[in-house]
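To start, the structure under review is shown below, and the notes come after it.
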DNA sequence: CAAAAATGATAGTAATACTATCATAAATGA
DNA sequence: TCATTTATGATAGTATTACTATCATTTTTG
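Chains as they are written, first to last, in our numbering: chain A, 2 to 225; chain B, 2 to 225.
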């Protein structure tokens, strides 16, 4: 059996849909590779073109600039996490359990058998933890938001806040909690690894497991 | 009476201390001005030099590059908030009240009579909300951290987590809570303004007051 | 198999992020 | 006060970045 997973991302993010062609998928695959290695600042279309034996001109036919490429990747991540949560909570009754799955999805962001062969989800997750905030802290936020470039983020937060309300229908700020949970997961993973004084993890290995614990502890106190 | 406030920031952040000279203070003052207006990406030393009728070469004698200038500003902000919290909780007994002051300091980040004439704190706050994350999500984080470039952030978190423990000595993750509180304040302010679906503020005006409410609500549930 | 679409190859440009050098102005200390 | 150090300005130059344009060559598709 061969199942293919495909997300439909907002059309304003790209000039030509990279999922539709071999070159496009290579762009995605290797941009994840390179950005996760050298960081977004040092990443250039020239380096990417060299890596995949293409040319800058060809890349510019897919993405207007590297900022929108990053935003595309981050949107893809938002869809991915949304998919993980939806899939894994589907047959769960207990809302409390669902929330645990949400946290697990945010912290690990992975699945045993990936269904998208051209994206390395764990490297993409590293990019989101490291560079994610740069994708939406931009001076053009209002314009970009008005054309739907953050739709996937809003959809994800809507899903999570729905689960929050299942657990505690009286909780006053479900969206704020959901977005905070998303951001906290990324920030605490980052801090645990690079600025451990800003968090409370004891070891540098398996800090993801500890971050998961922290988030569960917080949510339990907040909602029950 | 003339009181001057001066923070001692980590020496690796600058080449020459900008607080020590007229030109240096102008650099700080107008970089805050320009970055808050056009954003960090569009900000260049050339533009700043033109604005203050100086030259690029002179600016490079103070800061190695614009990234370190931003990091300097953000460090200044961390010190500033730390100062606000310390000052305003000094004569307070009730730990619960102290935490409210922490939140107020993070959300408003201002004082009626500023003691530093060359820094506009509310514009600096806007920069931190908008660009702050870029200052520490960098590929050189390990090197920068090892020379003390994030000391002010750690100090601030130490102070806040101390207050958290005063309120609830058994709270298991005071540092994670403190850093989350700091990041949440900035993120929720940003979302309230630009991506309101990611939070729960009703109006676009006075969203800071609403964010303050949300944070207090969260903390009350978490700690009492 | 012809036409259309995608990609490659190459060139060029304005702006960015610096570095270097020398001249001049300001501050300092004996 | 004057000599000397220090700070700043003026100018020039360079490698890299972030694109845009044009034309040739493949590849895809009806």
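Don't be surprised by glycine CBs; every beta carbon is placed ideally from N, CA and C.
Option nearest residue i by Cα separation, candidates the options
| i | options | result |
| --- | --- | --- |
| residue 83 (chain A) | A:25, A:187, A:121, A:183 | A:183 |
| residue 106 (chain A) | A:36, A:123, A:95, A:52 | A:123 |
| residue 142 (chain A) | B:196, B:117, B:185 | B:196 |
| residue 35 (chain A) | A:156, A:192, A:186, A:71 | A:71 |
| residue 73 (chain A) | A:181, A:149, A:208, A:177 | A:149 |
| residue 130 (chain A) | A:112, A:200, A:172, A:185 | A:185 |
| residue 188 (chain B) | B:225, B:127, B:159, B:112 | B:127 |
| residue 180 (chain B) | B:190, B:158, B:169, B:171 | B:158 |
| residue 206 (chain A) | A:190, A:219, A:96 | A:190 |
| residue 211 (chain B) | A:177, A:38, A:211, A:147 | A:177 |
| residue 216 (chain A) | B:14, B:5, B:175 | B:175 |
| residue 171 (chain A) | A:6, A:223, A:66 | A:223 |
| residue 32 (chain A) | A:208, A:69, A:219 | A:69 |
| residue 192 (chain B) | A:151, A:97, A:8, A:67 | A:151 |
| residue 226 (chain B) | A:37, A:64, A:147 | No information on residue 226 (chain B) is available, as it lies outside the stretch 2 to 225 that chain B covers here. |
| residue 15 (chain B) | B:209, B:145, B:125 | B:145 |
| residue 173 (chain B) | A:165, A:201, A:194 | A:201 |
Contact set for residue i: own chain, Cβ-Cβ below 7 Å, skip 5 residues either direction
| i | result |
| --- | --- |
| residue 29 (chain A) | 19, 119, 120 |
| residue 27 (chain A) | 53 |
| residue 41 (chain B) | 71, 132, 135 |
| residue 169 (chain B) | 224 |
| residue 6 (chain B) | 116, 117 |
| residue 24 (chain B) | 55, 59 |
| residue 213 (chain A) | 104, 105, 108 |
| residue 97 (chain A) | 168 |
| residue 112 (chain A) | 85 |
| residue 63 (chain B) | 15, 16, 17, 19, 25, 28 |
| residue 13 (chain A) | 148, 149, 150 |
Own chain partners of residue i with C-beta closer than 8 Å, once the 5 adjacent residues on each side are dropped
| i | result |
| --- | --- |
| residue 50 (chain B) | 56, 57, 59, 60 |
| residue 203 (chain B) | 211 |
| residue 220 (chain B) | 100, 104, 182 |
Cβ-based neighbour list, residue i, same chain, cut-off 6 Å, excluding 5 preceding and 5 following
| i | result |
| --- | --- |
| residue 153 (chain B) | 76, 79, 80 |
| residue 102 (chain B) | 89, 90 |
| residue 93 (chain B) | 99 |
| residue 161 (chain B) | 103, 179 |
| residue 87 (chain B) | none |
| residue 10 (chain A) | 76 |
| residue 46 (chain B) | 57, 60 |
DSSP three-state assignment for residue i, whether helix, strand or coil
| i | result |
| --- | --- |
| residue 149 (chain B) | coil |
| residue 109 (chain A) | helix |
| residue 90 (chain B) | helix |
| residue 51 (chain B) | helix |
| residue 6 (chain A) | coil |
| residue 225 (chain B) | coil |
| residue 234 (chain B) | Outside the shown range of chain B, which is 2 to 225, sits residue 234 (chain B), and nothing can be said about it. |
| residue 45 (chain A) | coil |
| residue 124 (chain A) | helix |
| residue 217 (chain B) | helix |
| residue 100 (chain B) | helix |
| residue 57 (chain A) | helix |
| residue 76 (chain B) | helix |
| residue 23 (chain B) | helix |
| residue 207 (chain B) | coil |
| residue 36 (chain A) | helix |
| residue 232 (chain B) | Nothing can be reported for residue 232 (chain B), as the shown portion of chain B is limited to 2 through 225. |
| residue 83 (chain B) | helix |
| residue 117 (chain B) | coil |
Item to check | Against chain B: residues of the stretch 205-220 of chain A by CB proximity under 8 Å | outcome: Going along the stretch 205-220 of chain A in chain order, one finds 215, 218, 219 with a Cβ nearer than 8 Å to chain B.
Item to check | In chain order, each alpha helix (DSSP H) run of at least 4 residues that lies wholly inside the stretch 129-203 of chain A | outcome: 142-147, 152-168, 175-195
Checklist entry - What residues from the stretch 120-132 of chain B come within 7 Å of chain A, judged by C-beta to C-beta, listed N to C? => result 131, 132
Checklist entry - Using a Cβ cut-off of 8 Å, which residues of the stretch 23-46 of chain A contact any Cβ in chain B, in chain order? => result Within the stretch 23-46 of chain A, the residues whose Cβ lies closer than 8 Å to some Cβ of chain B are 39, 40, 42, 43, listed in chain order.
Item to check | Near-chain B residues of the stretch 143-172 of chain A - C-beta to any C-beta below 8 Å | outcome: Residues passing the 8 Å Cβ filter: 143, 146, 151, 154, 155, 158, 159.
Checklist entry - Taking a cut of 8 Å between CB atoms, which residues from the stretch 74-100 of chain B lie near chain A? => result none
Item to check | Contact list for the stretch 49-68 of chain A against chain B, Cβ threshold 9 Å | outcome: Taking 9 Å as the Cβ-Cβ cut-off, the stretch 49-68 of chain A approaches chain B at 68, given in chain order.
Checklist entry - Given a limit of 8 Å on CB to CB distance, which residues of the stretch 187-200 of chain A reach chain B? => result 188, 189, 191, 192, 195, 196, 198, 199, 200
Checklist entry - If you measure beta-carbon to beta-carbon, which residues of the stretch 105-118 of chain A are closer than 9 Å to chain B? => result none
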